[in-house]
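Participant: For the sequence shown, the numbering used here begins at 166 and goes up steadily by one.
Glycine included, every Cβ here is placed at the ideal spot set by N, Cα and C.
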Amino acid sequence: MAIEKLRVFGGHRLEGVTTVSGGKNTALAIIAAAAMSSEPCAIENLPDIEDIHVMRDILIALGAKVEMDGGVMRIDPSHLQGSSVPEHLACKLRASYYFLGALLARFGTSVVSYPGGCDIGNRPIDQHIKGFEALGATVETDHGRIRVQADRLRGSVIYLDMPSVGATINVMLAAALAEGNTEIVNAGKEPHIVDLANFLNAMGGSVKGAGTDNIRIRGVKRLKGCTYAVIPDQIETGTLMIAAAASRGDVLIRGALPTHMEALTAKLLEMGVRVDEGIGEDSIRVRSDGRHRRVNIKTQPYPGFPTDLQQPISVLLSTAKGTSIIHETIFEMRFKHLDEIRRMGGISRVNDRFAIIDGVPKLMGCPVKATDLRAGAAMVVAGLMAEGQTDIYNVHYIDRGYEHLERKLKRLGARIERLTEEEED
Ligand code: UD1
Numbered sequence: 166m167a168i169e170k171l172r173v174f175g176g177h178r179l180e181g182v183t184t185v186s187g188g189k190n191t192a193l194a195i196i197a198a199a200a201m202s203s204e205p206c207a208i209e210n211l212p213d214i215e216d217i218h219v220m221r222d223i224l225i226a227l228g229a230k231v232e233m234d235g236g237v238m239r240i241d242p243s244h245l246q247g248s249s250v251p252e253h254l255a256c257k258l259r260a261s262y263y264f265l266g267a268l269l270a271r272f273g274t275s276v277v278s279y280p281g282g283c284d285i286g287n288r289p290i291d292q293h294i295k296g297f298e299a300l301g302a303t304v305e306t307d308h309g310r311i312r313v314q315a316d317r318l319r320g321s322v323i324y325l326d327m328p329s330v331g332a333t334i335n336v337m338l339a340a341a342l343a344e345g346n347t348e349i350v351n352a353g354k355e356p357h358i359v360d361l362a363n364f365l366n367a368m369g370g371s372v373k374g375a376g377t378d379n380i381r382i383r384g385v386k387r388l389k390g391c392t393y394a395v396i397p398d399q400i401e402t403g404t405l406m407i408a409a410a411a412s413r414g415d416v417l418i419r420g421a422l423p424t425h426m427e428a429l430t431a432k433l434l435e436m437g438v439r440v441d442e443g444i445g446e447d448s449i450r451v452r453s454d455g456r457h458r459r460v461n462i463k464t465q466p467y468p469g470f471p472t473d474l475q476q477p478i479s480v481l482l483s484t485a486k487g488t489s490i491i492h493e494t495i496f497e498m499r500f501k502h503l504d505e506i507r508r509m510g511g512i513s514r515v516n517d518r519f520a521i522i523d524g525v526p527k528l529m530g531c532p533v534k535a536t537d538l539r540a541g542a543a544m545v546v547a548g549l550m551a552e553g554q555t556d557i558y559n560v561h562y563i564d565r566g567y568e569h570l571e572r573k574l575k576r577l578g579a580r581i582e583r584l585t586e587e588e589e590d
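#1: Based on Cα-Cα distance, which residue from VAL350, CYS531 and VAL385 lies nearest to GLY376?
#2: Please confirm whether ARG419 and THR183 have their CB atoms less than 8 Å apart.
#3: What separation, rounded to the nearest whole angstrom, lies between the Cα atoms of ILE358 and ASN461?
#4: With a threshold of 7 Å (Cβ to nearest heavy atom), would LEU518 be considered close to the ligand UD1?
#5: For VAL322, collect the residues of the same chain with a Cβ closer than 6 Å to its Cβ; drop the 5 residues on either side in sequence, then sort them by chain order.
#6: Within 10 angstroms of the Cβ of ALA167, are there 16 or more other Cβ atoms? Answer buried if so, exposed if not.
#7: How many Å lie between ILE223 and LYS257 at the Cα?
#8: Would you say THR472 touches the ligand UD1, meaning its beta carbon is less than 7 Å from a heavy atom?
#9: Using a threshold of 7 Å, is the CB atom of ALA428 nearer than that to any non-hydrogen atom of the ligand UD1?
#10: Taking 8 Å as the cut-off, decide whether the C-beta atoms of GLN292 and THR303 are in contact.
#11: Using 10 angstroms around the beta-carbon of THR392, count the other beta-carbons present and answer buried if the total reaches 16, otherwise exposed.
#12: Taking only the alpha-carbon atoms, compute the straight-line gap between LEU433 and GLY301 and give it to the nearest angstrom.
#13: In this structure, how does DSSP classify TYR324 when only helix, strand and coil are distinguished?
#14: CB ALA408 to CB VAL515, shorter than 8 Å?
#15: In three-state terms, what does DSSP make of PRO289?
#16: What does the alpha-carbon distance come out to for the pair ALA421 and VAL173?
#17: What did DSSP end up calling MET403 once you bin it into helix, strand or coil?
#18: Report the rounded CA-to-CA distance for SER186 versus GLU571, giving the unit in angstroms.
#19: What do you reckon, is the C-beta of VAL330 under 7 Å from a heavy atom of the ligand UD1?
#20: Just to confirm my understanding: we take GLU587, look at its own chain, exclude 5 residues before and 5 after, and list those with CB closer than 7 Å. What are they?
#21: With DSSP as the reference, identify every bridge partner of SER261, one or two as the case may be.
#22: Is the CB-CB distance between GLY188 and PRO397 below 8 Å?
#23: Between which two residues does the alpha helix (DSSP H) containing ASP222 stretch?
#24: So, helix, strand or coil for GLU442, using DSSP?
#25: Please tell me whether ALA367 has its Cβ less than 8 Å away from any Cβ of chain C.
#26: Going by DSSP, what residues sit across from ASP234 in a beta bridge?
#27: Taking DSSP as the reference, what is the three-state secondary structure of ASP590?
#28: Throw me the rounded Cβ distance for the ALA352 and PRO328 pair, which I believe falls under 8 Å.
#29: Rank ALA198, SER203, ALA192 and ARG271 by C-alpha distance to the C-alpha of ILE214 and give the top, closest one.
#30: At the level of alpha carbons, what is the spacing between GLY296 and ALA198?
#31: Anyone know if the C-beta pair for HIS457 and GLY437 falls short of 8 Å?
#32: Would you say the beta carbon of ALA411 comes nearer than 7 Å to a heavy atom of the ligand SAM?
#33: Does the Cβ-Cβ distance between ALA535 and TYR562 come in under 8 Å?
#34: Let's test the definition: count the other Cβ atoms within 10 Å of the Cβ of ASN190 and tell me whether it reaches 16, buried, or not, exposed.
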């Protein structure tokens with residue numbers, strides 16, 4: 166079988182203008198939410214990535230009519246019948262579990278296999294289950310499947326032990342069609358949670374307080390169809406910002422929302438990178454030359470430093486002057502990419518939730534692998550920085566989450582190409 170890889174020749178400055186795509190994580194939640202109405206929805210500004218294709222396939226398998234045209238997905242869920250997500254699709258991504266909340270809300274029952282997603286640590290779903298039970302559902306797990314059922318869902322107060330993005334979203338979905346009022350205390354505040362709330366409200370739902378740690382949902386009898394454009398991808402924006410800094414480049418990122426990027430911007434400024442917000446437009450310009458200063462990073466729920474940008478920035482720090490300490494508080498196994506960076510000459514050691522990175526003057530290209538989705542983007546950053554040729558394997562991870570990444574980087578001046586092992590012979 167052909168093995169795809171990305172080949173990057175490092176040392177080329179990124180220069181010019183690029184545009185960020187629609188948000189992956191927000192789109193995944195919104196596509197699942199569209200299944201809660203019996204009327205058609207059009208969702209715009211979707212990225213053309215594998216995870217979105219899988220969500221489309223799940224909707225089709227459940228009986229919806231789905232058309233994709235450019236970045237627009239038209240979903241007609243009026244004949245949606247099934248409430249069981251096929252296992253082979255559920256296991257492809259984490260967000261398949263949003264169908265638990267969405268189908269429970271619409272049909273009173275849902276069955277989804279334990280979701281897939283990146284192997285970045287133990288990823289329990291106890292807070293989702295607690296939320297469904299608080300709303301009056303029974304939850305059973307057997308043979309790797311989660312079955313949620315309720316004759317009636319009734320609003321409730323749900324305290325999350327941690328501000329879980331996924332649990333906040335699943336409870337919002339289920340509560341949107343429940344009887345009465347629901348309050349999520351210690352809710353996630355991520356931009357995609359706000360975007361989902363806006364989408365539910367555009368469908369006629371009543372969600373208030375999204376973006377704070379207290380979300381209040383008044384259940385409605387039905388949700389109607391609507392047209393909605395998802396927000397730009399915060400993580401892609403951050404990855405492009407880091408890539409620009411890594412190449413000592415000068416890049417204007419259009420369609421980005423600077424307010425979502427404050428934690429990363431603060432750290433890049435500390436490192437000596439110039440970051441300017443566009444005046445009168447949604448854009449961010451990143452400029453950098455010379456060696457960067459070391460910084461410490463602690464990942465936290467939004468508005469703290471996002472764990473999804475920890476891997477790319479730790480690569481950038483691998484050539485900063487001095488020692489940087491990264492404290493990963495969200496996922497306990499999110500340092501596997503540093504093994505690959507050590508192959509490229511990086512110096513780091515990992516102790517439990519901490520990574521200590523001693524900056525080296527440069528990385529050297531070599532074959533590496535993407536160990537998960539965000540680690541894939543981190544390897545691309547490493548390739549841009551390194552001297553010589555870096556071959557990145559496990560490209561499918563990158564394809565799950567980044568729209569046309571190599572095309573965007575190429576237009577900015579990167580030397581990057583997609584190859585299969587056969588093409589090389
Ligand atoms: C989402 C994002 C992922 C991002 C993560 C943190 C999607 C599809 N994925 O993942 O890209 O890295 O947020 O910003 O949007 N936890 C529990 N019990 C639960 C739920 C979560 O213990 O029931 C723990 C997790 O193990 C983790 C922490 O809470 O340590 C945060 O997880 P969560 O915010 O739920 O992440 P995801 O929704 O899986």
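Facilitator: On the basis of the supplied data:
#1: VAL350
#2: The answer is yes: Cβ separation under 8 Å.
#3: 27 Å
#4: This sequence places Arg at residue 518; Leu is not what is there. Answer for ARG518: no, Cβ out of range of the ligand UD1.
#5: Once the five neighbours on either side are set aside, the close Cβ partners of VAL322 are GLU348.
#6: exposed
#7: 11 Å
#8: yes
#9: Checking every heavy atom of the ligand UD1 against the Cβ of ALA428, none is found closer than 7 Å.
#10: no
#11: exposed
#12: 46 Å
#13: strand
#14: no
#15: Residue state, collapsed to three classes: coil.
#16: 25 Å
#17: Per the sequence shown, residue 403 should be read as Gly rather than Met. GLY403 falls in the helix class under three-state DSSP.
#18: In a straight line, the C-alpha of SER186 is about 13 Å away from that of GLU571.
#19: The ligand UD1 approaches VAL330 closely enough that one of its heavy atoms is under 7 Å from the residue's Cβ.
#20: The beta carbon of GLU587 sits closer than 7 Å to the beta carbons of ALA167 from its chain, once the five residues preceding and following it are set aside; these are given in chain order.
#21: For SER261, which the question treats as bridged, DSSP gives no partner whatsoever.
#22: yes
#23: 215 to 226
#24: strand
#25: Given the protein chain composition of this structure (a single chain), no chain C is represented.
#26: VAL237
#27: Only weak support is given to the placement of ASP590: the predicted model assigns it a pLDDT of 49, under 50, and the value that follows is read from those uncertain coordinates. It is coil, neither helix nor strand.
#28: 6 Å
#29: Among ALA198, SER203, ALA192 and ARG271, the Cα nearest to that of ILE214 belongs to ALA192.
#30: 17 Å
#31: yes
#32: Ligands in the displayed structure: the ligand UD1; the ligand SAM is not one of them.
#33: yes
#34: buried
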